[in-house]
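The listed protein sequences derive, respectively, from chains F and Z.
UniProt numbering applies: residue 1 is where the first sequence begins, and numbers increase by one.
UniProt numbering applies: residue 1 is where the second sequence begins, and numbers increase by one.
Ideal Cβ placement from N, Cα and C applies to all residues, glycine included.
Predicted model only: the values in this text are computed from it and were never measured.
Heads up: the structure comes next, in structure tokens.
There are 2 protein chains.
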Amino acid sequence: MNAPATFDTVAAPLPAALLDALQAAFGTRCSTALAVRQQHGRDESVFDVPPPQAVVFAESEAEVAQVVALCVAYRVAVIPYGAGSSLEGHLLAVQGGISLDVSRMNAIVRIDTEDLTVTVQPGVTRKQLNEALKHEGLFFPIDPGADASLGGMAATRASGTNAVRYGTMRENVLGLRVVTAAGEVMRTGSRAKKSSAGYDLTRLLVGSEGTLGVITELTVKVHPLPEAVSAAVCFFPSIDAAVRTAMTVIQVGVPIARCELLDVHAIRAVNAHDRLGLKEAPMLLMEFHGSPASVEEQAATVQALAADHDGDAFEWATTPEARTRLWAARHHAYFSAVQTRPGCRAIATDTCVPISRLAEHLNASIAEADAAGLPYFVVGHVGDGNFHLTYLLDPDRPEERDTAERLSAQMVARAIALEGTCTGEHGVGLHKQGFLLEEMGAEALAAMRAVKAALDPLGLLNPGKILPPAA
Amino acid sequence: MNAPATFDTVAAPLPAALLDALQAAFGTRCSTALAVRQQHGRDESVFDVPPPQAVVFAESEAEVAQVVALCVAYRVAVIPYGAGSSLEGHLLAVQGGISLDVSRMNAIVRIDTEDLTVTVQPGVTRKQLNEALKHEGLFFPIDPGADASLGGMAATRASGTNAVRYGTMRENVLGLRVVTAAGEVMRTGSRAKKSSAGYDLTRLLVGSEGTLGVITELTVKVHPLPEAVSAAVCFFPSIDAAVRTAMTVIQVGVPIARCELLDVHAIRAVNAHDRLGLKEAPMLLMEFHGSPASVEEQAATVQALAADHDGDAFEWATTPEARTRLWAARHHAYFSAVQTRPGCRAIATDTCVPISRLAEHLNASIAEADAAGLPYFVVGHVGDGNFHLTYLLDPDRPEERDTAERLSAQMVARAIALEGTCTGEHGVGLHKQGFLLEEMGAEALAAMRAVKAALDPLGLLNPGKILPPAA
């Protein structure tokens with residue numbers, strides 16, 4: 001059920017005429033330098049794949065269209081590249097080709113304060129956007145751990161800690177501009193909040209991982225900064241108690257803004273990295289948004305539910321600085337934990353299950369990881385039924401990776417049996433292709449293949465991603 | 001820019017072998033009686049189209065698959081039929097064929113109270129579902145005016161009065177089971193709250209108006225009944241004042257649950273139909289959900305904003321009975337208004353614009369309607385930027401329809417110029433095909449055509465809908 005570990009296919013050399021055309025058009029912004037290619041050929045995944053054959057740094061939509069059209073003319077693959085923070089091998093050049101770097105397309109095009117929408121180029125990162133928005137009293141809630149680009153976040157249907165209340169990229173992208181496989185520019189939606197005007201191309205492109213088009217502009221929803229914000233941590237005697245508290249919070253309908261679980265391993269890592277001095281016990285890290293009265297009311301409800309599960313009294317972070325410190329630590333958890341085993345590589349699982357099955361799924365997954373004896377940690381968007389149990393692997397001990405892949409496959413099989421998914425937010429990329437048939441069924445996979453063939457008939461847009469090779 | 005008024009093409013007769021096969025399999029549940037066919041060949045739209053050539057009443061997913069497979073084998077069109085309440089000609093047999101009635105597939109399959117999800121067959125109506133849910137302390141918020149079927153609501157990406165807070169079918173469908181054009185059953189999603197597992201087939205099917213597959217089961221989100229609910233009406237000296245109040249409510253981020261506008265014509269109609277005795281002035285009809293404290297706080301905020309725009313003091317409907325009466329009147333507004341001009345047919349517009357452009361758009365639309373002198377009324381989901389200005393036409397005076405279509409086209413052109421859409425919730429059907437190119441552009445239309453060809457290569461699933469005939 002796993003994706004292949006290596007990619008032996010040697011890509012054909014780039015046609016000289018293509019390289020000439022790209023260099024004529026882009027000058028030094030078309031690079032074949034090994035260091036540049038390697039930087040664009042490695043992500044956080046465990047795969048070893050030769051780097052792309054060239055990297056082009058596009059600075060406009062017209063340039064993106066030009067690169068795609070040239071690549072299509074010469075039948076060469078194009079791999080969109082944003083911040084390079086994907087976890088599942090999305091940016092790897094498994095069939096060679098051109099890495100199309102859009103990180104320089106990082107202009108905030110429009111902020112429509114009155115409509116709570118913003119239009120950005122795809123290289124804008126979430127931190128950059130929030131920096132610009134805060135002066136308007138607005139914020140953009142989607143926050144994967146890394147400072148990802150919005151184009152990449154749309155492409156992987158990313159979410160993060162605020163999704164429990166504000167939704168994922170699926171709910172927050174209003175419309176896109178996309179360069180199609182024909183090298184043409186397509187608009188997928190308006191700025192209206194809702195629409196029934198034909199097929200939902202926006203949602204089809206969100207989560208398509210660069211395989212159906214290259215995103216060149218996004219219009220996304222933003223939200224007013226809440227009048228009051230409070231963050232609290234609550235420690236529990238067991239993971240089970242913490243998770244069951246989170247489940248109840250969701251089930252009774254508290255509009256909690258963030259509800260994150262950290263296990264003891266994650267706490268030790270963030271304590272070491274960020275000097276937080278947190279108690280080494282399973283912890284929920286929560287945030288409440290609303291009017292002062294509503295925040296107080298929500299917090300009181302959740303405190304009572306936590307007490308029912310033997311949770312400690314809340315510890316509050318009421319100042320913006322204290323809150324920022326806690327959430328920065330949460331966002332660093334992945335990198336903090338990776339640093340606890342120097343030189344390691346990580347395999348992050350990303351299952352998501354219906355909230356009622358979360359405790360069962362998480363407890364079993366932890367028991368399996370403990371029994372296997374591999375180092376791991378757990379952080380989780382538990383309000384969404386989504387968590388990351390991440391194994392930390394010694395790259396010199398291939399048996400560790402085998403074990404981790406086996407445990408990951410077991411965990412995915414259980415998540416699917418519990419009516420969940422193999423990936424809540426990281427995407428399929430290379431790593432989860434082996435799970436797609438089991439999760440979606442042959443008919444859905446056939447429909448996805450048909451859509452891919454319809455919109456990218458030559459199969460040149462980020463080839464080899466999402467869809468497993470036909471049997 | 002308008003759809004054709006008549007359909008002159010005469011469909012080829014049904015192949016006798018197909019009719020034999022359907023009658024052998026379905027007995028009296030396959031009907032060619034004129035009355036049955038006519039009932040399945042007429043909706044609320046203004047089009048005159050010959051009825052379908054036969055109607056099959058399916059009672060299971062397997063039967064739906066059987067009908068589709070037979071129709072595909074004989075190259076005959078299949079038109080899914082739920083409650084027959086669509087407004088844009090969705091169910092009309094413009095190329096002849098079989099009306100596949102799924103209204104008897106009306107079982108509520110599962111209520112997963114702990115996960116706030118429910119799984120239903122496509123013939124379940126919204127009122128039926130809410131009746132079943134209320135015993136669980138839950139509700140399903142999507143409420144088009146008619147008691148539509150959930151399958152049809154998904155197919156048209158419906159919304160209604162609660163969408164301002166709870167979203168549309170786009171946000172509330174978790175997954176579908178669908179019979180494809182190959183006659184196979186496809187699952188499009190799990191019960192996980194979020195997923196990044198490949199292309200978003202769920203969202204592709206939601207809003208596809210029966211042209212990409214026949215929905216046989218839906219899993220949708222439901223919501224806990226709020227602890228407190230209050231409904232209020234507020235009268236304003238002008239439509240402009242009412243709309244500007246609604247705009248401000250959204251812009252400051254009040255989580256209002258419903259925010260509906262009724263103009264004087266609509267008020268007169270519901271007064272006449274439901275004996276409500278409402279003041280004949282532009283009115284916002286609002287509802288607030290939450291804890292008692294939060295409801296009070298929201299209402300106080302909105303009352304203050306209304307007062308800034310010279311709105312009257314709120315009149316409250318605090319008992320469930322009083323609330324039900326008001327909302328029933330709102331849902332009857334369309335039919336109440338149609339009855340004010342006996343024998344008339346209606347053309348309901350459905351534009352949706354960014355909230356900041358709503359007053360400009362609505363004021364101009366009303367001025368145009370007043371100048372034209374046609375009877376009309378306005379109801380609107382103004383919190384979403386969506387309203388229905390509906391013309392009431394004498395069918396014996398074709399010039400009235402010409403005028404209404406001209407005004408509608410003007411209104412759509414303006415909505416698109418204001419970055420909005422021709423349809424917020426009713427769908428394209430036959431009536432809005434002429435607007436799709438202008439709104440979406442040639443590239444998006446080409447992508448939609450490619451998707452349609454990929455998933456329905458023979459073009460037999462509800463043919464002639466959404467996509468305008470190729471030029």
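If we call anything under 8 Å between Cβ atoms a contact, is residue i one with residue j?
i                      : j                 : result
Arg104 of chain F      : Gly84 of chain F  : no
Gly420 of chain Z      : Pro342 of chain Z : no
Val378 of chain Z      : Leu389 of chain Z : yes
residue 484 of chain F : Val64 of chain F  : The structure shown does not extend to residue 484 of chain F, since chain F spans only 1 to 471, so no value can be given for it.
Gln298 of chain Z      : Ile250 of chain Z : no
His431 of chain F      : Glu88 of chain F  : yes
Gln39 of chain F       : Cys30 of chain F  : no
Tyr334 of chain Z      : Gly145 of chain Z : yes
Val220 of chain Z      : Val179 of chain Z : no
Asp101 of chain F      : Val56 of chain F  : yes
Ala404 of chain F      : Leu374 of chain F : yes
Ser86 of chain Z       : Gly429 of chain Z : yes
residue 484 of chain F : Thr156 of chain F : Nothing about residue 484 of chain F can be read from this structure; chain F reaches only from 1 to 471.
Val173 of chain F      : Ala154 of chain F : yes
Leu116 of chain F      : His223 of chain F : yes
Leu19 of chain Z       : Ala54 of chain Z  : yes
Ala372 of chain F      : Ala266 of chain F : no
Arg414 of chain F      : Ala364 of chain F : yes
Gly464 of chain Z      : Gln95 of chain Z  : yes
Spell out the partners DSSP gives residue i in its beta bridges.
i                 : result
Ala149 of chain F : Ala is not the amino acid found at residue 149 of chain F; the sequence shown has Ser there. Paired residues: F:Thr125.
Glu315 of chain Z : Z:Val233
His223 of chain Z : Z:Phe139
Glu217 of chain Z : Z:Arg177
Ala54 of chain Z  : Z:Ile98
Leu461 of chain F : F:Val78
Ala228 of chain F : F:Gly290
Ser31 of chain F  : F:Val55
Phe377 of chain Z : Z:Thr390
Arg110 of chain F : F:Thr119
Between residue i and residue j, how many whole angstroms is the CB-CB distance? I'm expecting something under 8 Å.
i                      : j                 : result
Ser196 of chain Z      : Gly424 of chain F : 7 Å
Ala281 of chain F      : Val270 of chain F : The Cβ separation is near 13 Å, so there is no contact.
Leu218 of chain F      : Leu150 of chain F : 5 Å
Asn462 of chain Z      : Ile79 of chain Z  : 5 Å
Gly311 of chain Z      : Ala246 of chain Z : About 11 Å; that fails the 8 Å criterion.
Ala21 of chain F       : Leu70 of chain F  : 6 Å
Asn386 of chain Z      : Cys352 of chain Z : 4 Å
Arg126 of chain Z      : Phe140 of chain Z : 6 Å
Glu443 of chain Z      : Met186 of chain F : 4 Å
Ile347 of chain Z      : Ser408 of chain Z : 6 Å
residue 506 of chain F : Val49 of chain F  : The structure shown has nothing for residue 506 of chain F, since chain F only spans 1 to 471.
Practice problem: Kindly confirm or deny that the stretch 270-277 of chain F and the stretch 193-211 of chain F touch, where touching means at least three C-beta pairs closer than 8 Å. | Solution: Counting C-beta pairs with one atom in each stretch, the stretch 270-277 of chain F and the stretch 193-211 of chain F have fewer than three that are closer than 8 Å, which means they do not touch.
Practice problem: Decide if the stretch 162-169 of chain F is in contact with the stretch 353-366 of chain F; the criterion is three or more beta carbon pairs, one per stretch, under 8 Å apart. | Solution: Counting Cβ pairs under 8 Å, fewer than three are found: no touch.
Practice problem: Would you mind listing the alpha helix (DSSP H) stretches within the stretch 250-304 of chain Z that are 4+ residues and don't spill past its ends, in chain order? | Solution: Complete alpha helix (DSSP H) runs here, min 4: 264-274.
Quiz item: Touching or not, the stretch 373-385 of chain Z and the stretch 155-167 of chain Z, by the rule of three or more beta carbon pairs under 8 Å?
Solution: The stretch 155-167 of chain Z and the stretch 373-385 of chain Z touch, with three or more beta-carbon pairs separated by less than 8 Å.
Practice problem: Would you list, in sequence order, the uninterrupted beta strand (DSSP E) runs of no fewer than 3 residues that lie entirely inside the stretch 323-374 of chain Z? | Solution: Uninterrupted beta strand (DSSP E) stretches at least 3 residues long and entirely within the stretch 323-374 of chain Z occur at 345-348, given in chain order.
Self-check item: Inter-stretch contact at 8 Å, needing at least 3 Cβ pairs: the stretch 178-195 of chain Z / the stretch 248-262 of chain Z
Solution: Under the 8 Å Cβ criterion, the stretch 178-195 of chain Z does not count as touching the stretch 248-262 of chain Z, having fewer than three qualifying pairs.
Self-check item: Inside the stretch 380-446 of chain Z only - alpha helix (DSSP H) runs reaching at least 4 residues
Solution: Complete alpha helix (DSSP H) runs here, min 4: 398-417, 433-440.
Exercise. Write down every uninterrupted run of the beta strand (DSSP E) in the stretch 136-197 of chain F whose length is 3 residues or greater and which is fully enclosed by it, in chain order.
Key: Complete beta strand (DSSP E) runs here, min 3: 173-179, 185-187.
Self-check item: Every unbroken beta strand (DSSP E) inside the stretch 58-83 of chain F [3 residues or more]
Solution: Counting only runs that start and end inside the stretch 58-83 of chain F, the beta strand (DSSP E) elements of at least 3 residues fall at 78-81.
Quiz item: Which residues, in order along the stretch 441-454 of chain F, keep a beta-carbon less than 7 Å from a beta-carbon of chain A?
Solution: This model lacks chain A altogether, as its protein chains are F and Z.
Self-check item: Any 3 or more C-beta pairs closer than 8 Å across the stretch 226-239 of chain F and the stretch 301-317 of chain F
Solution: Between the stretch 226-239 of chain F and the stretch 301-317 of chain F there are three or more inter-stretch CB-CB distances shorter than 8 Å, so the stretches are counted as touching.
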